[in-house]
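Under the numbering used here, think of the first position of the sequence shown as 94, with each following residue one higher. Structure, as structure tokens:
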Amino acid sequence: MLRCSYFLNSLQVSMIQILKLTGRFFRSSLQSEFDKWINSIVWSPNGKLIAYLTGEREPPNKKELTVIDVDSGTSRIVGEVPQANAHVELAWSPDSKRIAFNEFSIDKPSQLIKIISVDDGSIQDIETGLVDRHIVHLDWSPDGKTFVFAGWKEG
Numbered sequence: 094m095l096r097c098s099y100f101l102n103s104l105q106v107s108m109i110q111i112l113k114l115t116g117r118f119f120r121s122s123l124q125s126e127f128d129k130w131i132n133s134i135v136w137s138p139n140g141k142l143i144a145y146l147t148g149e150r151e152p153p154n155k156k157e158l159t160v161i162d163v164d165s166g167t168s169r170i171v172g173e174v175p176q177a178n179a180h181v182e183l184a185w186s187p188d189s190k191r192i193a194f195n196e197f198s199i200d201k202p203s204q205l206i207k208i209i210s211v212d213d214g215s216i217q218d219i220e221t222g223l224v225d226r227h228i229v230h231l232d233w234s235p236d237g238k239t240f241v242f243a244g245w246k247e248g
């Protein structure tokens, strides 16, 4: 079955919808409380999971990485995502066991790519060596051993 997903955010509700590519509705996989937003949804390479960020709309603005099982519709929080905002991008490892993300702060560039284990939520930091660049558009190599990403410099 071919499927696509998208998310909706409004002041009242955030949700992820999954559609068959025939255009027929398949499942409303998640509807969050009105006090949270959803962002950065991405399918796992094995097609069984969708990862996404949730965040509180009001301080302390806790942000979490969540995965949802596409077939059952059940979701679980993998872990908290430091420095997350609308600019955080998620990238699944080719084996669907880890998710890389950029640590993005508006006021200061980060030289880190973070990798979170889907199983236990442990986070590994990968140094890029870029001192004055914001990391964006990251992805894994097909063998899962390297990353490709873009970077931009303010000014």
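We put the CB at the ideal spot given by N, CA and C, even for glycine. Source: prediction; values computed, not measured.
- At a Cβ-Cβ threshold of 8 angstroms, V224 and S234 do not count as neighbours.
- The straight-line gap separating the alpha-carbon atoms of S215 and E151 is approximately 26 angstroms.
- Under the three-state reduction of DSSP, K156 is assigned to strand.
- If you draw a straight line from the Cα of D218 to the Cα of W136, it comes to about 22 angstroms.
- DSSP, reduced to helix, strand and coil, places T221 outside both helices and strands of the structure shown, so it counts as coil.
- Secondary structure of D162 (DSSP, three-state): strand.
- Looking from the CA of S168, the closest CA among N139, V211, I206 belongs to V211.
- Sequence-distant Cβ neighbours of L142 in its own chain, meaning closer than 7 angstroms and more than five residues away, are V160, I161, D162, V163, S189.
- DSSP places E149 in the uninterrupted beta strand (DSSP E) bounded by 142-149.
- C-alpha of I170 to C-alpha of E247: approximately 33 angstroms in a straight line.
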